[in-house]
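Presented below is the structure to which this report refers.
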Amino acid sequence: PGFSILYGVKAGILWGCIYSLFGLLLYANLFSNLIRRSGAVTLPEYFETRYNGTVRGLVSITSVIGMCGILANNIISLSSIVSGYTGWPVYAITAVAFFVILIFTTMSGMWATTITDFIQVTIGTIAVPIFLIILAVKYGGFDYFSSWLGGDWVNQGLAGASLPGLSFKYPSILTFMILFGTALVWGNNYYWIKIASCRNEIVAKKSYSLGAIYLIVIFMIPLSFIGIYAGVTMPEVFTLAGGTVAHTAAYGVIAREVTPLLSCLFIVGAAAASLSTSSTAAMGATSTATRDIYQRLINKDASPETTLKASKVIMALIIIVTWVMTFFPGGPTYLFAFANAWLTPPAVLLLLGAIWPRFNSRGAFWGVLAGMVTMVVLTITELTQIFNIGNWTHMAIVGFLVSLIVGAIAALTGPPKYYGSSNWNIKAKKGNRIDIELNDFDIKVLEMINIGHQYLADISDGLNVDSKVSTDSIEKLDQGGFIERAGLRGSKFFTFSVTEKGKEALPALSEIESKMVEDYLTPKYVRFLEMALNRPDEIGLFAKDNNMTSLQMSSMISHLNRRGYIIEKGMFRRRVEVTEKGKKMVEKYAVFVKA
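According to my numbering, the sequence shown holds residues 13 to 607 in order.
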């Protein structure tokens, strides 16, 4: 609604479409396979597997700053909406919001937040369209908009301003694409975490793609028109028309005009959704600071108990930093842009790492460092009024170009990893590999690939190790000619197959075990299929009986599902159903199972 007040309904819809399509939809279709198959739980963890630990640490810092800014923006926007409806002081609402977030995130977790998001979307699906319908019935349709102060309610805001297209100054369509598409989504850790937490890459891609379309139709378009109704009905209250209320409060202002019972529902729904999103950002920032900064840079030997205590302190520090950010000059609109600017360097590294094998750790390090330093300097000079980059362009564009150019130049000044060399061939042949001595862990990795675990995620989870550990082994096996990658770009980089040399390096198997390997099975997997088919109520005991962690169970189930032996079902609780193909395997190895 706020962008409709500023620049007309087209601007509000464009913002929503750019975020939904250029951000969510494109992100899912470009990177969901890569994210799921890489096995990295967080975006910084992926950067360590692709580059090194130093890059991971730097990106963690930018991610925390960016997510704190997004959290602050959500709180300020929420406070403006509630204040616009109730007239309560913004600072009081902000304090309550921070307290609720601190309690909620401390007592719950990512799963609780996901469930809350689902509930809020359900409420919003009903509330937002009904809100728009009520306003349309009460005031009328397009004819009612003819009294818009700006004259053209489609293309102009209350003060007559229009949203520029390819301008480098914020706001414009171009800066929207960089900030709210590329940076907000591509460089944001919690969008990575949500895909990494999906059941499989197909679910991830479909959920993001359908969610993007759903978001536009059910939320973005109706909310943009709700903003127009607010501007037509009571333009005098907004600062653009000489009033005292910020444009971000449009939703709360127009909610006063409907029945109190319904308006309370609309406000509570918006507040709950904002708090849920804020909680996700808070947990994303806390998990990054804990996992990628505290455990790696401050206390590498921290026990689980110590780490848990530290995470609570870190959460409190995140809240304090976020509270300071709520005083950012320019209000929520510019705060949101500032926050997303810090997510631009990680977005650049993600893109270059996925499409350019030659891009190395030196390029990643200097690219992200140059982008960080540039934005720190620009932020300080802007806040102190020494130099305002906003008069010419937004700092996000500068940060994007600096990270891209410096990163590319730095990458060319140093040697790439072996797979980035111009003479590297993904196909292992005699004479194009080196002699490698394998250890016990390398053999375990090779065994998993031999039975059909193609992806790094399956291997890391199946062996219960960090993706950096499994990556080191994969690189040894690849250079030694024991395995081959499917490709050097995108998700193919994390997809492997065993070579004849690799098979020869494996321990000898019995006749029945060899047949199982041909069917992509192991004795353990066959026992699981038998239990899932004949004793489904006892599946919960399988992990305990076989001393398997939840990640190892997930690796096995994903593998069996991928090979067509089972189907995964259930929304809130994972259930498996054995397919006809799986039943044939149980019958084929029935003698072994009985033994």
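Ideal Cβ positions, reconstructed from N, Cα and C, are used throughout, including at glycine.
Beta-carbon proximity of residue i to residue j, cut-off 7 angstroms
i: Ala297; j: Val76; result: yes
i: Ala282; j: Val265; result: no
i: Thr334; j: Leu83; result: yes
i: Val244; j: Ser159; result: yes
i: Val166; j: Lys22; result: yes
i: Leu541; j: Phe494; result: no
i: Pro341; j: Gly383; result: no
i: Thr195; j: Ser44; result: The residue you asked about is not Thr; residue 195 is Ala in the sequence shown. No, these two residues do not count as a Cβ contact at 7 angstroms.
i: Ile146; j: Val325; result: no
i: Leu390; j: Asn200; result: no
i: Ser482; j: Asn64; result: no
i: Tyr19; j: Ala173; result: yes
i: Gly492; j: Ala423; result: no
i: Gln307; j: Ala314; result: yes
i: Gly432; j: Arg370; result: yes
i: Ile579; j: Glu592; result: no
i: Thr74; j: Phe377; result: no
i: Phe34; j: Gly24; result: no
i: Ala258; j: Ser92; result: yes
i: Gly594; j: Tyr532; result: no
i: Gly379; j: Val336; result: no
Proximity to residue i [Cα-Cα], best of the options
i: Gly152; options: Val249, Asp313, Ile240; result: Ile240
i: Met460; options: Lys504, His406, Glu60, Phe508; result: Phe508
i: Ala208; options: Ser323, Ile47, Gly169, Ile238; result: Ile47
i: Leu227; options: Trp27, Ile578, Val538; result: Trp27
i: Leu416; options: Glu516, Ser503, Thr386; result: Thr386
i: Leu37; options: Tyr220, Asn45, Ala366, Asn311; result: Tyr220
i: Phe237; options: Phe143, Phe192, Tyr430; result: Phe143
i: Leu347; options: Ile113, Leu235, Thr61, Gly402; result: Gly402
i: Leu450; options: Asn437, Gly514, Tyr203, Gly426; result: Gly514
i: Ala602; options: Ile17, Glu589, Ile446, Asn546; result: Asn546
i: Phe505; options: Pro519, Leu518, Asp490; result: Asp490
i: Leu235; options: Val257, Ala267, Thr318, Val380; result: Ala267
i: Phe231; options: Ile138, Arg539, Phe111; result: Ile138
i: Ile332; options: Cys80, Asn85, Glu57, Gly69; result: Cys80
i: Met565; options: Phe554, Ala544, Arg574; result: Phe554
i: Tyr537; options: Leu572, Val380, Glu57; result: Leu572
i: Phe250; options: Ile233, Leu395, Ile17; result: Ile17
C-alpha gap between residue i and residue j, whole angstroms
i: Pro101; j: Ile279; result: 16 angstroms
i: Phe453; j: Leu413; result: 42 angstroms
i: Leu55; j: Leu273; result: 43 angstroms
i: Asn352; j: Ala107; result: 24 angstroms
i: Val140; j: Ala261; result: 16 angstroms
i: Gly255; j: Gly96; result: 12 angstroms
i: Gly51; j: Gly99; result: 48 angstroms
i: Val577; j: Ser570; result: Note that residue 577 corresponds to Tyr in the displayed sequence, not to Val. Cα to Cα, the separation comes out at about 10 angstroms.
i: Ala224; j: Ser32; result: 5 angstroms
i: Ser624; j: Tyr202; result: Any question about residue 624 goes unanswered here, given that the chain covers just 13 to 607.
i: Pro548; j: Lys556; result: 15 angstroms
i: Ile330; j: Arg49; result: 31 angstroms
i: Val410; j: Thr187; result: 11 angstroms
i: Pro427; j: Gly365; result: 15 angstroms
i: Lys441; j: Ile455; result: 21 angstroms
i: Val71; j: Ile524; result: 48 angstroms
i: Asp155; j: Asp164; result: 12 angstroms
i: Phe350; j: Asn437; result: 43 angstroms
i: Pro519; j: Ser526; result: 11 angstroms
i: Ser567; j: Tyr58; result: 18 angstroms
i: Ile310; j: Val598; result: 50 angstroms
Whole-Å CB distance - residue i paired with residue j, under 8 angstroms assumed
i: Ile87; j: Ser290; result: 6 angstroms
i: Val510; j: Asn444; result: So it is not a contact: roughly 17 angstroms between Cβ atoms.
i: Leu178; j: Ser184; result: 7 angstroms
i: His406; j: Lys181; result: 7 angstroms
i: Glu60; j: Lys480; result: 5 angstroms
i: Gly162; j: Ala171; result: 7 angstroms
i: Ile30; j: Gly169; result: The pair is not a contact, with the Cβ atoms about 18 angstroms apart (cut-off 8 angstroms).
i: Leu361; j: Ala109; result: In fact, because the Cβ distance is near 33 angstroms, the residues do not count as touching under 8 angstroms.
i: Pro535; j: Tyr263; result: Wrong, their Cβ atoms sit about 59 angstroms apart, outside the cutoff.
i: Ile367; j: Arg501; result: 6 angstroms
Closer than 7 angstroms to chain B by CB, residue i
i: Gly199; result: Among the chains in the structure shown there is no chain B, since it carries only a single protein chain.
Any 3 or more C-beta pairs closer than 8 angstroms across the stretch 554-574 and the stretch 464-480: yes
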